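A.B. asks:
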Amino acid sequence: MTHYRRERPSDPRSAAAALLSFLFPGFGQAYNRQYLLAGLLAAPVVLLIVVVVLAVVGPGSFVSRLLDTGVLIAVIVLDVSLLGWRLVAILQAHGARSGLTFRTWPTWLTAALVVLTLGMHVVPAYYATKAIDTLDSVSLEGGGALFDEREGRDVTITPPSHQPEVQRGERVTVLLVGMDYAPGRTTHLTDTMLVVTLDSRTGEGAMVSVPRDLFGVPLPDGRIYNDKLNSLMSVAGADPESFPLGGAGTLKATIGEMLGTRIHYFAAIDLAGLREVIDTVGGIEVRVARTVNDPQFHDPFTNEMGFYLEAGNHHLDGATALGYVRSRMGEGDSDFTRAERQQQVLTAIADKLSSGNILVTLPGLLDAIRDNLATDIPSGRISELAAEGQDADLEGLERVVLAPPRYVTPEPFSASGYILHPDLDAIRDLGARIFGS
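Okay, so the sequence shown: first residue is 13 according to my numbering, each after it adds one.
#1: When burial is assigned at 16 or more other CB atoms within 10 Å of the CB, is residue 444 buried or exposed?
#2: State buried or exposed for residue 164, treating a residue as buried only when at least 16 other CB atoms are found within 10 Å of its CB.
#3: Can you tell which of 56, 330, 79, 30 has its C-alpha closest to the C-alpha of residue 128?
#4: First and last residue of the alpha helix (DSSP H) that includes residue 26?
#5: Return the chain-ordered list of same chain residues with a C-beta closer than 8 Å to the C-beta of residue 323, the five sequence neighbours on each side being excluded.
#6: Leaving out the 5 sequence neighbours to the left and right, which residues in its chain are closer than 8 Å to residue 61 when beta-carbon positions are compared?
#7: In the DSSP assignment, what are the bridge partners of residue 218?
#8: Run the CB neighbour count on residue 213, radius 10 Å, all protein chains shown included, and call it buried at 16 or more, exposed below.
#9: By how many angstroms is the C-alpha of residue 140 removed from the C-alpha of residue 13?
#10: Helix, strand or coil for residue 423, going by three-state DSSP, please let me know.
#11: Does residue 323 come out as helix, strand or coil in the three-state DSSP assignment?
#12: Might you give, ordered along the chain, the residues of its own chain that have their beta carbon closer than 6 Å to the beta carbon of residue 298, omitting 5 neighbours on each side?
#13: Given 8 Å as the limit, is there contact between the region 268 to 280 and the region 375 to 382, that is, 3 or more CB pairs closer than that?
#14: Does DSSP put residue 200 in a helix, in a strand, or in coil?
#15: Under 9 Å between the Cβ atoms of residue 232 and residue 209?
#16: Going by the beta-carbon positions, is the gap between residue 412 and residue 218 smaller than 9 Å?
#17: Do the region 181 to 191 and the region 416 to 423 meet, that is, are 3 or more Cβ pairs less than 8 Å apart?
#18: Could you check if residue 223 is buried or exposed, using at least 16 other CB atoms within 10 Å of its CB as the buried criterion?
#19: How long is the line joining the alpha carbons of residue 435 and residue 235, rounded to whole angstroms?
#20: So what does residue 357 bridge to, in DSSP terms?
#21: At a Cβ threshold of 9 Å, is residue 214 touching chain D?
#22: Using C-beta distances below 6 Å, list every residue in its chain close to residue 389, excluding the 5 sequence neighbours before and after it, in chain order.
#23: Note down the Cα distance separating residue 67 from residue 281, rounded to an integer number of angstroms.
#24: By DSSP, does residue 254 sit in helix, in strand, or in coil?
#25: Roughly how many whole angstroms lie between the Cα atoms of residue 1 and residue 374?
#26: For a quick check, are the C-beta atoms of residue 226 and residue 432 less than 9 Å apart?
#27: How many whole angstroms separate the CB atoms of residue 51 and residue 105, which I take to be in contact at a CB cut-off of 8 Å?
#28: In angstroms, rounded to a whole number, what distance separates the CA positions of residue 95 and residue 57?
#29: Do residue 201 and residue 188 have their CB atoms nearer than 9 Å?
#30: Please work out which residues of its chain come closer than 6 Å, Cβ to Cβ, to residue 376, disregarding the five sequence neighbours upstream and downstream, and give them in chain order.
#31: On the criterion of 16 or more Cβ atoms from any shown chain inside 10 Å, does residue 437 qualify as buried, or is it exposed?
#32: Got a sec, what are the start and stop residues for the beta strand (DSSP E) residue 299 sits in?
#33: So, for residue 203: in the same chain, excluding its five sequence neighbours on each side, which residues have a beta-carbon less than 8 Å away from its beta-carbon?
#34: Should residue 86 go down as buried or exposed, given a rule of 16 or more other Cβ atoms within 10 Å for buried?
#35: So the candidates are 26, 321, 334, 305; which of them puts its Cα closest to the Cα of residue 311?
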């Protein structure tokens with residue numbers, strides 16, 4: 013005698029149970045009156061929600077924690093675990109009332125819920141993986157480099173040969189450099205050099221803009237660099253025998269020597285990438301103190317000439333903000349007024365990143381910084397420094413530009429063109445006041 017397995021009849025309530033467990037594991041089991049199983053499935057999820065809420069509302073910035081590779085790996089593990097837990101809850105809730113057969117609509121609805129659940133968990137896992145990859149990409153230790161989209165190639169930056177030991181809670185000083193582009197250049201110059209220091213315990217800090225045309229600056233080994241300072245990183249990176257600290261390390265040590273302080277870390281950004289970052293975060297708010305009118309300004313992206321921005325409050329997109337920080341030939345403008353605007357825009361970007369909506373823009377921000385930022389900050393410290401930066405009153409930071417006549421003396425017609433001679437005593441007095449002994 014042939015025995016046939018009797019197929020369980022379809023029950024429309026199986027789809028309702030699956031939907032409830034899709035909304036929250038255990039709800040479908042409670043609907044099926046499997047109360048013990050409902051509690052077992054719901055309890056771990058409730059605990060996970062409590063942990064996440066405490067992480068979000070707890071001390072420190074939750075977003076900055078997402079810049080920690082260890083936290084990102086934990087996010088991926090929890091995401092995959094929760095995915096499996098939810099799938100078990102959905103399928104069990106359906107199966108408790110009817111079998112899975114694709115000849116009935118409840119099964120198709122449950123299948124759709126399974127696909128939707130997969131999608132909900134694939135997205136955060138993808139972005140967490142992408143964030144880990146981005147953190148690795150911007151690290152000089154991991155071979156990080158800037159990508160010059162105008163030339164279609166990487167701009168290699170040699171990492172420092174030595175990294176300082178920085179104690180937790182110690183005042184941290186970072187050298188930020190902007191790599192600018194101009195037609196006809198054969199090297200990438202650090203046309204923007206900005207030293208940022210922050211004491212997380214007191215909240216005190218400062219930004220010091222270092223002119224690109226400084227000439228004759230002492231090197232850490234006592235030699236004098238008889239060229240413009242904005243070429244030092246490129247020259248040192250190409251000649252490791254003469255500059256064993258590497259390109260970034262030599263520039264850090266040289267500017268630190270001039271200011272009489274130790275610069276811990278270095279970060280480089282392609283100024284063209286600044287445009288992409290600003291657009292990604294939705295623009296920035298800037299108060300223009302006086303009208304900027306520069307008919308000689310050349311936009312390398314559009315080939316258009318001229319830049320004009322009236323005095324007043326403005327919401328700037330990336331292209332306008334880039335023009336604002338690059339323009340220097342307008343009436344009353346110079347490299348020094350441009351440096352002041354660069355400090356202003358940097359503060360505005362930091363304020364925007366601290367405004368709380370960064371999670372919405374995080375996916376695009378990862379793309380923006382991947383090829384436009386390189387740093388020697390250890391990956392394990394990025395999240396900590398980001399949290400300190402978000403907690404700081406950036407508007408209250410002291411802003412200084414090493415401008416004439418106090419800190420530098422111009423020589424317009426030297427053999428090297430327009431150069432600036434540093435007043436080392438005045439600069440070191442400034443460094444002693446800002447950074448301490």
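Using N, Cα and C, we set each Cβ at its ideal position, and we do this for glycine too. Predicted, not measured: the structure shown is a model, and the values here were computed from it.
C.D. replies: To lay it out plainly:
#1: Here residue 444 is taken as the residue at index 432 of the sequence shown, counted from 1. The Cβ neighbour count for residue 444, taken over all protein chains shown within 10 Å, is under 16; the residue is labelled exposed.
#2: For this step, residue 164 is matched to residue 152 along the sequence shown. Caution applies to residue 164, whose pLDDT of 46 falls short of 50 and renders its modelled position unreliable; the model cannot decide the point.
#3: Mapped onto the sequence shown, residue 128 falls at position 116. Among 56, 330, 79, 30, the Cα nearest to that of residue 128 is on 30.
#4: Walking along the sequence shown from the start, residue 26 turns up at place 14. Run containing residue 26: 25 to 35, per the alpha helix (DSSP H) assignment.
#5: Indexing the sequence shown from 1 puts residue 323 at position 311. Listed in chain order, the non-local C-beta contacts of residue 323 below 8 Å within the same chain comprise 300, 301, 302, 303, local neighbours out to five positions each way being set aside.
#6: Here residue 61 is taken as the residue at index 49 of the sequence shown, counted from 1. Excluding positions up to five away in sequence, the list is empty.
#7: By one-based count along the sequence shown, residue 218 stands at place 206. DSSP lists 209, 410 as partners of residue 218.
#8: Here residue 213 is taken as the residue at index 201 of the sequence shown, counted from 1. Residue environment for residue 213: exposed (fewer than 16 other C-beta atoms within 10 angstroms of its C-beta).
#9: Indexing the sequence shown from 1 puts residue 13 at position 1. Indexing the sequence shown from 1 puts residue 140 at position 128. Reliability fails at residue 13, whose pLDDT of 47 lies under 50, so the model's placement of it is uncertain and no value is given.
#10: Taking the first residue of the sequence shown as position 1, residue 423 is located at position 411. In this structure, DSSP gives residue 423 an extended state, which the three-state scheme calls strand.
#11: Locating residue 323 in the sequence shown gives position 311, where the first residue counts as 1. Note: residue 323 maps to coil in three-state DSSP.
#12: On the sequence shown, residue 298 is found 286 positions in, with the first residue counted as 1. Excluding positions up to five away in sequence, the list reads 326, 328, 360.
#13: Because the criterion of three Cβ pairs below 8 Å is not met, the region 268 to 280 and the region 375 to 382 do not touch.
#14: Within the sequence shown, numbered from 1, the residue matching residue 200 stands at position 188. Of the three classes helix, strand and coil, the one that applies to residue 200 here is coil, per DSSP.
#15: Walking along the sequence shown from the start, residue 232 turns up at place 220. Walking along the sequence shown from the start, residue 209 turns up at place 197. Cβ atoms of residue 232 and residue 209: not closer than 9 Å.
#16: Within the sequence shown, the letter at position 400 stands for residue 412. Within the sequence shown, the letter at position 206 stands for residue 218. A contact, by the Cβ cut-off of 9 Å.
#17: Under the Cβ criterion (8 Å, minimum of three pairs), the region 181 to 191 does not count as touching the region 416 to 423.
#18: For this step, residue 223 is matched to residue 211 along the sequence shown. Residue 223 is buried by the Cβ-count criterion.
#19: Counted from its first residue, the sequence shown places residue 435 at position 423. Counted from its first residue, the sequence shown places residue 235 at position 223. In this model, residue 435 and residue 235 are separated by some 17 Å (Cα to Cα).
#20: Within the sequence shown, the letter at position 345 stands for residue 357. By DSSP's assignment, residue 357 forms no beta bridge with any residue.
#21: You won't find chain D in this structure, because it holds only one protein chain.
#22: In the sequence shown, residue 389 corresponds to position 377, counting from 1. Answer for residue 389: 277, listed in chain order.
#23: As a first step, residue 67 must be located in the sequence shown, where it is residue number 55. As a first step, residue 281 must be located in the sequence shown, where it is residue number 269. Approximately 31 Å, taken between the alpha carbons.
#24: Numbered from 1 along the sequence shown, position 242 holds the residue referred to as residue 254. Taken through DSSP and simplified to helix, strand or coil, residue 254 comes out as coil.
#25: The shown model of the chain, from 13 to 449, leaves out residue 1, and the question about it has no answer.
#26: Against the sequence shown, residue 226 aligns to sequence position 214. Against the sequence shown, residue 432 aligns to sequence position 420. Judged by beta-carbon spacing, residue 432 lies within the 9 Å limit of residue 226, meaning their Cβ atoms are closer than that value.
#27: Walking along the sequence shown from the start, residue 51 turns up at place 39. Walking along the sequence shown from the start, residue 105 turns up at place 93. With a beta-carbon spacing of about 14 Å, residue 51 and residue 105 fall beyond the 8 Å limit used to define contacts.
#28: Taking the sequence shown and counting its residues from 1, one reaches residue 95 at position 83. Taking the sequence shown and counting its residues from 1, one reaches residue 57 at position 45. If you take the alpha carbons of residue 95 and residue 57, they lie about 11 Å apart.
#29: Translated into positions along the sequence shown, residue 201 becomes position 189. Translated into positions along the sequence shown, residue 188 becomes position 176. For residue 201 and residue 188, no; Cβs fall outside 9 Å.
#30: Taking the sequence shown and counting its residues from 1, the one referred to as residue 376 is at position 364. Here the set comprises 292.
#31: Reading the sequence shown from its first residue, position 425 is the one you call residue 437. By the neighbour-count criterion, in which a residue is buried when 16 or more other Cβ atoms sit within 10 angstroms of its Cβ, residue 437 is exposed.
#32: Working through the sequence shown from its first residue, we reach residue 299 at position 287. Residues 296 to 300.
#33: Here residue 203 is taken as the residue at index 191 of the sequence shown, counted from 1. Once the five neighbours on either side are set aside, the close Cβ partners of residue 203 are 190, 191, 192, 224, 242, 283.
#34: Numbered from its first residue, the sequence shown carries residue 86 at position 74. An exposed status is given to residue 86, since fewer than 16 other beta-carbon atoms sit within 10 Å of its beta-carbon.
#35: As a working mapping, residue 311 is identified with position 299 in the sequence shown. Of the candidates 26, 321, 334, 305, the residue whose Cα lies closest to the Cα of residue 311 is 334.
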